[in-house]
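Chemist: Next up is a structure, given as structure tokens.
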């Protein structure tokens, strides 16, 4: 079981503390800068998605409605700020299905691409007016946004083309060093890696972009690169297994640094979805446990995830909530749960640590296509679940039922032959596996 902090009331307390900074009048979070607010919004959206909570959904619409500070959420100075808002609105679209959010993200993306030129072989400028720096975060965000848009509108090939173009340039730029860590950017005079700080968020954003591009192409080299960066990061950017920003040693992380680690954690969780390495699970869980253990009496979190709370603000809180969200997202996976059999029912008893939505994968065999009634915790789930024929009762396949709500604690999942609901043909269900739901809403 994972740390109770990642279940209610732990994560709920952390999110409630974050929303104490939300200013309904501005649509932003007090004590957070413009780009930090986009990350606070994304953390709020992810919490809402993972927990099915309606508590803070109004903040999503309110922020969009307020259109605070800059028209269309486009910063007139910094392109990386734009990328954060584009990702937040893509997540809002995933949660709500409301196309206005996706349209906003697309508008931001195309504005971002205006900063691309052939200096250093390509790449995007960080600043819109001082064209002297091409850095990792701006180009990593451009990749991430393009890859996410490709997954949501694959019929528009421009997003895939941009994703591949950005990654080809990024890969050749040299910003990924020999240790498989991403430095801050390029020296403008030489177009070479400037050797500057390996911030955690640069690692995380590139990992997330590569994962989404992998999802859109099934190119294994993309996944291998994401894994290499993650593997290096959890060793070289952590102390005693707890993620640590380089600036923490001097207690000089400014207004930006306190945000960075959570960005890494949420993207590591995305990598875990497609590459479920035990090392990633353990790292996410260990950090969530440490964050929760070091909270203050108000459910607030500090810069040092292994130490006392230094101060409370929306940046620190968002970063920690990102890590707790990541722990919810991985939860515990159960495989090979054996059923209890009766005349017409195959019943599975399942206990989970956290309430939430899970995918149920049934291992079955059937000479002909069979239909069964699915029943979860005393309620009908599916009247006519199809189990396509396997050819014989000793030939096994799997069927997955996605996005099923399970309660924290014990759950009863039944596969029932009920002729009044159209059940037909012999079926043997041998085992059940469950995992946190990976469906994009």
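Numbering (the UniProt record's numbering), first residue to last: 1 to 441.
Idealized CB from N, CA, C, for every residue including glycine.
In whole angstroms, give me the CA-to-CA distance for residue 219 and residue 225.
Modeler: Rounded to the nearest angstrom, the two C-alpha atoms are 11 angstroms apart.
Chemist: Give the DSSP bridge partners of residue 398, in chain order.
Modeler: Residue 398 is bridged to 363.
Chemist: Measure the CB-CB distance between residue 393 and residue 367 and report whether it falls below 8 angstroms.
Modeler: Result yes, Cβ atoms of residue 393 and residue 367 sit closer than 8 angstroms.
Chemist: Which residue comes first and which comes last in the alpha helix (DSSP H) that contains residue 152?
Modeler: Unbroken alpha helix (DSSP H) run through residue 152: 136-152.
Chemist: Would you list the residues sitting across from residue 372 in a DSSP beta bridge?
Modeler: Paired residue(s): 385.
Chemist: Could you check what DSSP says for residue 12 in three-state terms: helix, strand or coil?
Modeler: Here residue 12 sits in helix by DSSP.
Chemist: Counting pairs of Cβ atoms below 8 angstroms between the region 320-332 and the region 390-407, do you hit three or more?
Modeler: The region 320-332, when compared against the region 390-407, does not touch it at the 8 angstroms Cβ threshold.
Chemist: Find the nearest neighbour of residue 165 within the set 175, 121, 127, judged by alpha-carbon distance.
Modeler: Nearest of 175, 121, 127 to residue 165, Cα basis: 121.
Chemist: Can you look up residue 72 in the DSSP assignment and give me helix, strand or coil?
Modeler: Reduced to three states, the DSSP call for residue 72 is helix.
Chemist: Looking at residue 429 and residue 374, is the spacing between their C-beta atoms short of 8 angstroms?
Modeler: Not closer than 8 angstroms, so no.
Chemist: When the Cα of residue 282 is compared with those of 235, 308, 96, 311, which residue comes out closest?
Modeler: It is 235 whose Cα lies nearest to the Cα of residue 282.
Chemist: Rounded to whole angstroms, what's the CA-CA distance from residue 255 to residue 247? Just pull it up for me.
Modeler: Straight-line Cα distance between these residues: approximately 12 angstroms.
Chemist: Report the residue from 279, 56, 197, 167 whose alpha carbon sits nearest the alpha carbon of residue 249.
Modeler: Of 279, 56, 197, 167, the residue nearest in Cα terms is 197.
Chemist: For residue 435, which three-state DSSP category applies?
Modeler: If DSSP states are grouped into helix, strand and coil, residue 435 belongs with the strands.
Chemist: By how many angstroms is the C-alpha of residue 126 removed from the C-alpha of residue 176?
Modeler: For residue 176 and residue 126, the distance between alpha carbons rounds to 18 angstroms.
Chemist: Could you say which of 48, 302, 29, 49 lies nearest to residue 260 if we only look at CA atoms?
Modeler: Comparing Cα-Cα distances from residue 260 to each of 48, 302, 29, 49, the minimum goes to 302.
Chemist: Tell me the DSSP bridge mates of residue 356?
Modeler: Bridge partners of residue 356: 406.
Chemist: For residue 22, which residues does DSSP report across the bridge?
Modeler: Answer by DSSP bridge pairing, in chain order: 29.
Chemist: Given that a residue counts as buried once 16 or more other Cβ atoms are within 10 Å of its Cβ, and exposed if not, what is residue 30?
Modeler: Exposed is the call here.
Chemist: Quick check on DSSP: helix, strand or coil for residue 421?
Modeler: It is helical.
Chemist: Straight-line CA distance for residue 100 to residue 418?
Modeler: Approximately 43 angstroms, taken between the alpha carbons.
Chemist: For residue 242, tell me which candidate among 211, 185, 320 has the shortest Cα-Cα distance.
Modeler: Residue 320 is the option with its Cα nearest to residue 242.
Chemist: Between the beta-carbon of residue 163 and the beta-carbon of residue 143, is there less than 8 angstroms?
Modeler: Going by C-beta atoms, residue 163 is nearer than 8 angstroms to residue 143.
Chemist: For residue 274 and residue 223, which I take to be in contact (beta-carbon distance under 8 angstroms), what is that distance rounded to the nearest angstrom?
Modeler: Right, their Cβ atoms sit about 6 angstroms apart.
Chemist: Taking Cβ positions, are residue 181 and residue 194 nearer each other than 8 angstroms?
Modeler: Not in contact: residue 181 and residue 194 (Cβ atoms no closer than 8 angstroms).
Chemist: Measuring only the C-alpha atoms, how far is residue 47 from residue 14?
Modeler: Taking the straight line joining both Cα atoms gives about 10 angstroms.
Chemist: Could you name the residues that DSSP lists as bridge partners for residue 185?
Modeler: Its beta-bridge partners are 135.
Chemist: Going by alpha carbons, who is nearest to residue 146 out of 201, 158, 53?
Modeler: The option with the nearest alpha carbon to residue 146 is 158.
Chemist: Give me, in chain order, the residues of the same chain whose beta-carbon lies closer than 8 angstroms to that of residue 18; leave out the 5 immediate sequence neighbours on both sides.
Modeler: These residues qualify, in order along the chain: 29, 40, 43, 44, 314, 317, 318, 321.
Chemist: Which of the three DSSP states, helix, strand or coil, is assigned to residue 295?
Modeler: It is coil, neither helix nor strand.
Chemist: Note the first and the last residue of the continuous alpha helix (DSSP H) segment covering residue 128.
Modeler: Element bounds for residue 128: n/a, residue is neither H nor E.
Chemist: Kindly indicate which three-state DSSP category residue 218 falls into: helix, strand or coil?
Modeler: DSSP places residue 218 in coil when its eight states are reduced to three.
Chemist: Does DSSP put residue 251 in a helix, in a strand, or in coil?
Modeler: Here residue 251 sits in coil by DSSP.
Chemist: For residue 81, collect the residues of the same chain with a Cβ closer than 7 angstroms to its Cβ; drop the 5 residues on either side in sequence, then sort them by chain order.
Modeler: 34, 35, 75, listed in sequence order.
Chemist: Measuring straight from C-alpha to C-alpha, what distance separates residue 362 and residue 431?
Modeler: Rounded to whole angstroms, residue 362 to residue 431 spans 6 angstroms at the Cα level.
Chemist: If you drop the 5 nearest sequence neighbours on each side, which residues of the same chain put their C-beta closer than 6 angstroms to that of residue 411?
Modeler: Around residue 411: 350, 377.
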